[in-house]
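Residue numbers (this note's numbering): 8 to 123.
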């Protein structure tokens, strides 16, 4: 879920290398990066309709997509220069390094550089 489909299209295509497949903005868009497909559903989409209890779906939370990068430091520097917000700093673990970027609606995108 996204707040603004056009802003989400711009973010994913400009900063993360996705290609626009279909745009039905302001309701919906479909972007791809390799074999990863994201459906960007705005408040006017069928996915944005209220649930039986009245709750409206919205963006944000801790679920995230995972994008492999070759040089996380360079990616982070480029994204920060472009004004992209991050939820944390680069974290190093046994499998590699990661950081959590935020799209314009607050959805989390994990950038991950594998170890070795």
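For every residue, glycine included, the Cβ atom is placed at its ideal position computed from N, Cα and C. None of the values given here were measured: they were computed from a predicted structure.
Spatial distance of residue 55 from residue 26 (CA atoms): Residue numbering aside, residue 55 sits at position 48 when the chain shown is read from its first letter. Residue numbering aside, residue 26 sits at position 19 when the chain shown is read from its first letter. Near 23 Å, if we compare the C-alpha coordinates of residue 26 and residue 55.
List the residues that DSSP assigns as beta-bridge partners of residue 30. Walking along the chain shown from the start, residue 30 turns up at place 23. DSSP output for residue 30 lists 36 as bridge partner(s).
How do the segment 37-52 and the segment 77-85 stand: do at least 3 beta-carbon pairs fall below 8 Å, yes or no? no
One question on the structure: do residue 116 and residue 74 come within less than 8 Å of each other, judged by their Cβ atoms? In the chain shown, the residue the question calls residue 116 occupies position 109. In the chain shown, the residue the question calls residue 74 occupies position 67. Yes.
Put residue 99 into one of helix, strand or coil per three-state DSSP. Within the chain shown, numbered from 1, the residue matching residue 99 stands at position 92. Looking at residue 99 - three-state DSSP - the assignment turns out to be strand.
Here's a check: name, in chain order, each residue in its chain whose Cβ is nearer than 8 Å to the Cβ of residue 95, leaving out the five neighbours to either side. As a position in the chain shown, residue 95 is number 88, starting the count at 1. The residues are 106 and 107.
Kindly indicate the opening and closing residues of the beta strand (DSSP E) around residue 119. Stepping through the chain shown from its first residue, residue 119 is reached at position 112. Start and end: 115-121.
Buried or exposed: residue 43, going by 16 or more other Cβ atoms within 10 Å of its Cβ? Taking the first residue of the chain shown as position 1, residue 43 is located at position 36. Per the 10 Å Cβ criterion, exposed.
Could you check if residue 33 is buried or exposed, using at least 16 other CB atoms within 10 Å of its CB as the buried criterion? For the purposes of this step, residue 33 is taken as residue 26 along the chain shown, with counting starting at 1. So residue 33 ends up on the exposed side.
Just verifying my parser: in three-state terms, what is the DSSP assignment at residue 104? Counted from its first residue, the chain shown places residue 104 at position 97. Strand, per DSSP.
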